[in-house]
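Asker: Chains A and B, in that order, give the protein sequences.
Taking numbering that gives the first Met the number 0, the leading residue of the first sequence gets 0, the next gets one more, and so forth.
Taking numbering that gives the first Met the number 0, the leading residue of the second sequence gets 0, the next gets one more, and so forth.
2 protein chains.
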Amino acid sequence: MVSLKDIAKACNVSPATVSKALNDQSDVSEETKALVCSVAKKMGYFPNSMARALKTNRTNNIGVLFVDEARSGLTHDYFSYVLDSFKRGAEAKGYDITFINSDKSNPNRMTYLEHCKYRGFDGALIACVDFYDPEISELVNSGLPVITIDHAFFGHSAVLSDNVRGMRDLVTFVVNNGHRRIAYIHGLPSAVTNSRLSSFYKTMDDFGISVPDEYIREAPYRDTKIAALETEKLLELDVPPTCIFYPDDFSCFGGVNVIKEKGLRIPEDISIVGYDGIRIGRHIEPQLTTLRQDTASIGLTAAEKLIDRIEHPRTTIEEQTMIEGTVFAGKTVKNLKA
Amino acid sequence: MVSLKDIAKACNVSPATVSKALNDQSDVSEETKALVCSVAKKMGYFPNSMARALKTNRTNNIGVLFVDEARSGLTHDYFSYVLDSFKRGAEAKGYDITFINSDKSNPNRMTYLEHCKYRGFDGALIACVDFYDPEISELVNSGLPVITIDHAFFGHSAVLSDNVRGMRDLVTFVVNNGHRRIAYIHGLPSAVTNSRLSSFYKTMDDFGISVPDEYIREAPYRDTKIAALETEKLLELDVPPTCIFYPDDFSCFGGVNVIKEKGLRIPEDISIVGYDGIRIGRHIEPQLTTLRQDTASIGLTAAEKLIDRIEHPRTTIEEQTMIEGTVFAGKTVKNLKA
DNA sequence: TAGAGTTACGAAAACGATTTCGTTGCATAT
DNA sequence: ATATGCAACGAAATCGTTTTCGTAACTCTA
Numbered sequence: 000m001v002s003l004k005d006i007a008k009a010c011n012v013s014p015a016t017v018s019k020a021l022n023d024q025s026d027v028s029e030e031t032k033a034l035v036c037s038v039a040k041k042m043g044y045f046p047n048s049m050a051r052a053l054k055t056n057r058t059n060n061i062g063v064l065f066v067d068e069a070r071s072g073l074t075h076d077y078f079s080y081v082l083d084s085f086k087r088g089a090e091a092k093g094y095d096i097t098f099i100n101s102d103k104s105n106p107n108r109m110t111y112l113e114h115c116k117y118r119g120f121d122g123a124l125i126a127c128v129d130f131y132d133p134e135i136s137e138l139v140n141s142g143l144p145v146i147t148i149d150h151a152f153f154g155h156s157a158v159l160s161d162n163v164r165g166m167r168d169l170v171t172f173v174v175n176n177g178h179r180r181i182a183y184i185h186g187l188p189s190a191v192t193n194s195r196l197s198s199f200y201k202t203m204d205d206f207g208i209s210v211p212d213e214y215i216r217e218a219p220y221r222d223t224k225i226a227a228l229e230t231e232k233l234l235e236l237d238v239p240p241t242c243i244f245y246p247d248d249f250s251c252f253g254g255v256n257v258i259k260e261k262g263l264r265i266p267e268d269i270s271i272v273g274y275d276g277i278r279i280g281r282h283i284e285p286q287l288t289t290l291r292q293d294t295a296s297i298g299l300t301a302a303e304k305l306i307d308r309i310e311h312p313r314t315t316i317e318e319q320t321m322i323e324g325t326v327f328a329g330k331t332v333k334n335l336k337a
Numbered sequence: 000m001v002s003l004k005d006i007a008k009a010c011n012v013s014p015a016t017v018s019k020a021l022n023d024q025s026d027v028s029e030e031t032k033a034l035v036c037s038v039a040k041k042m043g044y045f046p047n048s049m050a051r052a053l054k055t056n057r058t059n060n061i062g063v064l065f066v067d068e069a070r071s072g073l074t075h076d077y078f079s080y081v082l083d084s085f086k087r088g089a090e091a092k093g094y095d096i097t098f099i100n101s102d103k104s105n106p107n108r109m110t111y112l113e114h115c116k117y118r119g120f121d122g123a124l125i126a127c128v129d130f131y132d133p134e135i136s137e138l139v140n141s142g143l144p145v146i147t148i149d150h151a152f153f154g155h156s157a158v159l160s161d162n163v164r165g166m167r168d169l170v171t172f173v174v175n176n177g178h179r180r181i182a183y184i185h186g187l188p189s190a191v192t193n194s195r196l197s198s199f200y201k202t203m204d205d206f207g208i209s210v211p212d213e214y215i216r217e218a219p220y221r222d223t224k225i226a227a228l229e230t231e232k233l234l235e236l237d238v239p240p241t242c243i244f245y246p247d248d249f250s251c252f253g254g255v256n257v258i259k260e261k262g263l264r265i266p267e268d269i270s271i272v273g274y275d276g277i278r279i280g281r282h283i284e285p286q287l288t289t290l291r292q293d294t295a296s297i298g299l300t301a302a303e304k305l306i307d308r309i310e311h312p313r314t315t316i317e318e319q320t321m322i323e324g325t326v327f328a329g330k331t332v333k334n335l336k337a
């Protein structure tokens, strides 16, 4: 590895001058700068990020915390897209991304915060985690610039998919297609679930439609089996719904299976809607009607806000940014008015 | 941040001794070790990875190169699972993972190798890239420990999904179900495609079945549109196949759509098989018959081999490791013998 | 011509760890 | 009593940068 010293020798100046020249500081003559830069390029010089970080306390590196229950968020349709756009956004601004370890079974592991300090991350992205984990609070309140996705800690930046509006739009779409008997199999309790569920009730109420209790059921996100089970129960009701909402697109397919097994057709006999807008949903017939979350915007916004925080520390309270999704009409909702 | 010095002061010893004590070296008394360790814990000490890396030339950090054409490999069903298990394997051995920048549009970007040097990665994982990119060769031949997935550079470690055997097993399964007229829509040329295609021909030949040229078609991986188009052409042949192989599970759904549009049933009228074993394929009816690649093993093996390379540099030529997949029977292949 | 101001550069400390090479003190062998 | 060996520790250099501060040379003004 060629270092500052090597260039200094080659140019007959001091390492200090080389450093200043390369960083384009003012107290170096233009000629020297030109000389140093050309020699540096010729010798294939690249700074050593560790040495620089040691001195400047800046690593240009962002920690990413992405932990699903069993698996990591990497294989999660929604979050992998968010991470992908976050990565693009960060790279565009010269930041690298490294994962914060999540293997909780390791006996001499570090806490999330310890890991961040150890690596000297300039900031951290927190997504797809159990937000009630004390380690998360520790990290969020540590003073390190942090941004969370789909969960807001008071006084800290967050990027949120607009679930209230998303669910409202989705319900509105279905109601406008003439549906009145609408069931909702919602996900397990969480901030996201709460937003969607209350928005569901609220919107139905705004339309003057009452929701029978037996229309509201629960299934874990991305669980086709339980979604199928709950679908079955809904279909066996004396007055079954004409449309079923699912926790997400993935679990939705569990419902599809049961419906087809019973000899019912989608959407002629029963309508369904998912949530997320995962890629495969657009390539399967019938195309899934769903709320497509704007993952590109979510990830990019998170990157920009986090980096802004890092580069321009302020003292004001952080705001939350809502990212709107859009209803993807698909073909799984029948127009009852037609 | 509490440093070695702080602990040294608190313990009334030199920083050198503290370092040795924490690293469990032999020339420190047991009592001192105990004292230092307890004080370090009490003060919440954690080493500074940059300072350590600067001195030791080891970062315990692995670079990951994951570049799809337009999008990154993050959103790729197969590769995201591989990366996930790689991450687990690396974390278990105390390594972190950071992405090597892939945004080629950035004017003052570094090459992959430069980036690796800049960050001081101990090694790199290369997957899901254009292996003919000169920058990749530069990286592979730089002397940095490197492991590639699904592509073997001569003299370098690689982990390969056993496409030859996978395709053989898949063809055998289909033939054993009585099929003779088997078509194959293969992916665009690559090492992976070549392995599968030649194995397809070879296996068919072993069974004494000749393959008409018009049964062999091409479609990009994960492209439902073109797969649908090619499927249509196959179905319109005078003697259409009884079973169609697709580049992968995802593109397979493009075929499904066309088939259903034409009023044909799967598998009664036409059988189909995919490749990969993506998660959704198991949750959709009819369950997709496919070759399930062992992503867990691929990622884990890659991590272990790479880290072995890093920690035990040798001079011998590297070997390639084949990871076998398994046929997942599913329900999309009709048994013609029944 | 003396003083002030500016420009261009270098010496040296610092970041936080690791490591080499002494040095000291003590026990054991001769 | 002298030599030898070992155990336990510290001083100092080092990794590759950045940054502060000092200084030399030069220009300009009065």
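Idealized CB from N, CA, C, for every residue including glycine.
1) Among all the DSSP beta bridges, which residues are the ones paired with I148(A)?
2) Of the residues that make up the region 35 to 57 of chain A, which ones have a beta carbon closer than 8 Å to any beta carbon in chain B?
3) Below 8 Å, can you find three or more Cβ-Cβ pairs linking the region 317 to 327 of chain B to the region 102 to 113 of chain B?
4) Tell me, please, whether the CB atom of Y117(B) is closer than 9 Å to any CB atom in chain A?
5) Check whether the region 181 to 195 of chain B and the region 227 to 241 of chain B touch, using three or more Cβ-Cβ pairs below 8 Å as the test.
6) Only counting the same chain, and skipping five residues up and downstream in sequence, which positions put a Cβ closer than 6 Å to that of M203(A)?
7) Between the region 239 to 248 of chain B and the region 263 to 282 of chain B, are three or more C-beta pairs nearer than 8 Å?
8) Can you tell me where the alpha helix (DSSP H) holding G273(A) begins and where it ends?
9) Output needed in chain order: residues of the region 221 to 232 of chain A with a Cβ under 7 Å from some Cβ in chain B.
10) Pull up the DSSP beta-bridge partners for N334(B), would you.
11) Which parts of the region 159 to 196 of chain B are runs of the alpha helix (DSSP H), unbroken and 4 residues or longer, counting only runs that do not cross its ends?
12) Using only CA atoms, which one of Y80(A), T74(A), A89(A) and L82(A) lies nearest to L82(B)?
13) Quick one: is A91(A) near chain B, going by C-beta distance under 9 Å?
14) Would you report the Cα separation of K261(B) and V191(B), rounded to the nearest angstrom?
15) Whose Cβ in chain A lies nearer than 8 Å to the Cβ of H282(B)?
16) So for E217(A), helix, strand or coil by DSSP?
17) Count the other CB atoms within 10 Å of the CB of N56(A); is the residue buried (16 or more) or exposed (fewer)?
18) Can you give me the Cβ contacts of Y200(B) inside the same chain, cut-off strictly under 8 Å, excluding the 5 residues immediately before and after it?
19) Which bits of chain A does I279(B) rub up against, with CB to CB less than 8 Å?
20) In whole angstroms, what is the alpha-carbon distance linking R108(A) and I61(A)?
21) If you measure beta-carbon to beta-carbon, which residues of the region 304 to 321 of chain B are closer than 7 Å to chain A?
22) Taking C-beta to C-beta, are K336(A) and P285(A) nearer than 9 Å?
23) Where does G142(A) fall in DSSP's three states?
24) What does DSSP give as the partner residue(s) for N60(A) in the beta ladder?
25) Here's the rule: buried if 16 or more other CB atoms are within 10 angstroms of the residue's CB, otherwise exposed. What is Q292(A)?
26) Taking the alpha-carbon positions, what's the S194(A) to V163(A) distance?
27) Using the Cβ count rule (16 or more neighbours within 10 Å means buried), how would you classify E29(B)?
28) Who are the neighbours of N100(B) on chain A, taking C-beta pairs under 8 Å?
29) So what does DSSP say about F206(B), is it helix, strand or coil?
30) Any idea if M166(A) is buried or exposed, counting beta-carbon neighbours within 10 angstroms, 16 or more meaning buried?
31) State whether the region 234 to 242 of chain A contacts the region 293 to 302 of chain B, with contact taken as three or more CB pairs (one from each stretch) at a distance under 8 Å.
32) How far does the alpha helix (DSSP H) with I306(B) in it reach, from first residue to last?
33) Along chain A, which residues have their Cβ under 9 Å away from the Cβ of M109(B)?
34) Report the neighbours of R291(B) on chain A: residues whose CB is nearer than 8 Å to its CB, in chain order.
35) Does DSSP classify V17(B) as helix, strand or coil?
36) Against chain B, which members of the region 65 to 85 of chain A pass a CB distance test of less than 7 Å?
Answerer: According to the structure shown:
1) V158(A)
2) F45, P46, N47, S48, M49, A50, A52 and L53
3) no
4) yes
5) yes
6) V210
7) yes
8) Segment: none, G273(A) is in no alpha helix (DSSP H) and carries neither H nor E.
9) T223
10) Answer by DSSP bridge pairing: none, since N334(B) is not bridged.
11) 162 to 175
12) T74(A)
13) yes
14) 32 Å
15) T223, F249, F252, G253 and N256
16) strand
17) exposed
18) V210
19) F249, F252 and I279
20) 19 Å
21) none
22) no
23) coil
24) D95(A)
25) buried
26) 6 Å
27) exposed
28) E90 and D95
29) coil
30) buried
31) no
32) T294 to E310
33) F45
34) Near R291(B) there are no residues of chain A at all, since even the closest Cβ is about 15 Å away, more than 8 Å.
35) helix
36) R70, S71, L73, T74, S79, Y80, L82 and D83
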